[in-house]
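What follows is a set of notes on a single structure, which appears directly below.
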Amino acid sequence: MKTYLGWIGCSLALLLAAGCGKGTDAGATAAAKPAAPVQVRKAEARDLTRRTMYTGSVEPVRVARMASPAEGPIVECAVREGDRVAKDQRLVRVGRRHMAESGLEAAREELKRQEADFKRVEQLVTSGSLPGEQLEMGRSALKRAEAQVAAAETGAGDYDVRAPWDGVVSKVWISEGNYVAPRAPLVEVYDPASLRVRFSVPEQDVRLLKTGVAVNVTLDAWPKQSFSGTVERIYPQLEPATRTLTVEAGMEADVPLLSGLFARVEAPMETAAGAVVIPNGALLALPNGAAVVFIAQDEKAVRRPVKTGLEAGGWVQILEGVAPGEEVIVRGQENLKDGAGIKVMGRKKEMAKP
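Going by the numbering used here, the first residue of the sequence shown is number 8, and it counts up by one from there.
Encoded structure:
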């Protein structure tokens, strides 16, 4: 019996020793697991502005398309595209003399006939052969004939088309010798001082854009430059086909604009003042749509759920979950577990001080 009990005691001792040895080995293995290398960045408190890029073109606001007032040949076309013109300068002369003289001759013949009829009616009324009302009717017909002659004499000369203001000729549709119909387009002139950048804003952004807002404009003609502008006008109605709103931006006075230039407009849409921001690469998206970040704390990775807000320029606003100054892991966090050991790489010496 004593031998049997002794054998059991020895067996228990061996089992306990083996168990203790395994626990020591597991602890040693866990302690030996290397810390994950990570990079961190402190959360900042600053203004965050979301900017959106739109496309548009340079167009004149003040533009005039002159048309022919009557049928006739082009006697003179004094301008070409690109010419600068002064107010009241003659641009085109439409020849009307031949046709006007024919009309004037016909009006004069009608006047002679009305004068003769009036004298005849006057004699008959005086003799009592016709009532006095006939004399008044003859006098009215005579006045109409006189007015027609005056109008024909006024229009007997060629018609001059003149510039309505100082400007630049953008289009010329005719040349000397052409024969034009009434209201046919002749010349287009625009005022270079009225050039603006017109761009379209989608319906969802309309409420965010206001007049007076500063914008940055880049032009393909000067690809390495950015020009400052200001939103001057927002049209009151959406384009039905595109569901967009037309916006006009004025440019700096010294910008060498040309009508038709392609433009890109960067406009600030919304700003979060004093926002807590972190690089958006620090966020990890969960299957349920939530987001988390890892905070570097006491050489461990602490998982923190966050609520995000505005995103712009590679930064994201944190509404809940991170305070300014906390070190957020921005690289190496993809495979971390909550509480995992970490080694911060590239940290400045002053940040490493306790």
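For every residue, glycine included, the Cβ atom is placed at its ideal position computed from N, Cα and C.
Shortest Cα-Cα distance from residue 142 to any of 153, 122, 156 and 155 involves 122.
Within the segment 116 to 177, the complete beta strand (DSSP E) runs of at least 3 residues fall at 166 to 169. At the C-beta level, residue 226 and residue 254 stay beyond 8 Å of one another. Around residue 319, the same chain offers 55, 56, 57 and 58 as residues with beta carbons nearer than 8 Å, after the five sequence neighbours per side are excluded.
Beta-carbon to beta-carbon, residue 220 and residue 288 are separated by about 30 Å, too far to satisfy the 8 Å threshold. With distances taken between CA atoms, residue 218 lies nearest to 238 out of 224, 325, 238 and 353. Within the same chain, 234, 235 and 236 come within 8 Å of residue 259 by CB-CB distance, once the 5 residues on both sides are set aside. Residue 191 is not bridged by DSSP to any residue.
Collapsing the DSSP output to three states places residue 199 in a helix. Assigned with DSSP and collapsed to three states, residue 212 falls in helix. Counting the other CB atoms within 10 Å of its CB gives residue 72 a total below 16, which places it among the exposed residues. Judged by DSSP secondary structure, residue 353 falls outside any beta strand (DSSP E); it is assigned neither H nor E. Fewer than three beta-carbon pairs drawn from the segment 291 to 299 and the segment 80 to 92 are found closer than 8 Å, and the two stretches are therefore not classed as touching. Residue 85 and residue 116 have their alpha carbons spaced roughly 37 Å apart.
Taking a C-beta distance under 8 Å as the contact criterion, residue 70 and residue 195 qualify as a contact pair. Between residue 256 and residue 224, the C-beta gap is smaller than 8 Å, which places the two residues in contact. Nearest C-alpha to residue 285 among 140, 332, 310 and 202: 332. Collapsing the DSSP output to three states places residue 185 in coil. DSSP places residue 288 in the helix class (H, G or I) of the three-state scheme. The bridge partners DSSP lists for residue 83 are 100.
One alpha carbon belongs to residue 189, the other to residue 169, and they sit about 17 Å apart. For residue 237, the enclosing beta strand (DSSP E) stretches over residues 229 to 241. Under the three-state reduction of DSSP, residue 114 is assigned to helix.
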